[in-house]
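Using full-length UniProt numbering, read the sequence shown as starting at 1 and increasing by one per residue.
Just below is one structure, and these are the notes that go with it.
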Amino acid sequence: MSTNPKDLLKMNNPWHLLATGFGSGLAKYIPGTMGTLAAIPLYLILAQLPFGWYLVAVLVAAIIGIRICHITSSDMKVHDHGSIVWDEFVGFWITMAVAPTVSWKWILTGFILFRFFDMLKPWPISWLDKHVEGGFGIMIDDVLAGFMAMISLWFIGYWLGF
1 MSTNPKDLLK
11 MNNPWHLLAT
21 GFGSGLAKYI
31 PGTMGTLAAI
41 PLYLILAQLP
51 FGWYLVAVLV
61 AAIIGIRICH
71 ITSSDMKVHD
81 HGSIVWDEFV
91 GFWITMAVAP
101 TVSWKWILTG
111 FILFRFFDML
121 KPWPISWLDK
131 HVEGGFGIMI
141 DDVLAGFMAM
151 ISLWFIGYWL
161 GF
């Protein structure tokens, strides 16, 4: 019997499929970065929505993400396994909420900033990551990283005149 938590995933299970970012989180190396990359095409679709609907879609994705991550984490018997990347999807979409236009400069800068805050985990992200359990715990640190990256993206984007 295998002890690899990934072996407990079933890609025909919609919770697992979404949690792994349609399989992007199963990458052998840097699954969080691969998950964030996989979030870009969906961002390009979401960005076509009016701003209010974009925010509603991201809020719904975050709320449902708590359940997605909780179920998959429980099924894998590991809290916040690296292959669970739905939280990266939502965090990146939060980051991009301030982008006034869809352009490679905004996307690249948003991607870099989100990955920076998600990997470095400055306080209070690091505290939340260590102290909050379950699906909410999996989601909240990336949501906060997304907000920190969003604020940074706004300052950088407007300062550099994107």
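Cβ coordinates follow ideal geometry from the N, Cα and C atoms, glycine included.
- If you check the CB distance, residue 111 and residue 92 come in under 8 Å.
- Taking C-beta atoms as the reference points, residue 94 and residue 40 fail to come closer than 8 Å.
- One alpha carbon belongs to residue 81, the other to residue 6, and they sit about 9 Å apart.
- Closest by C-alpha distance to residue 154, out of 98, 102 and 38, is 98.
- Taking the Cα of residue 139 as reference, the smallest distance to any Cα among 38, 8, 156 and 19 is reached at 19.
- Contact annotation: residue 87 and residue 52 have beta-carbon atoms that are not nearer than 8 Å.
- For residue 22, the secondary structure class from DSSP, reduced to helix, strand or coil, is coil.
- In this structure residue 8 is in contact with residue 77, their Cβ atoms being roughly 7 Å apart against a cut-off of 8 Å.
- Counting other Cβ atoms within 10 Å of its Cβ, residue 63 stays below 16 and is therefore classed as exposed.
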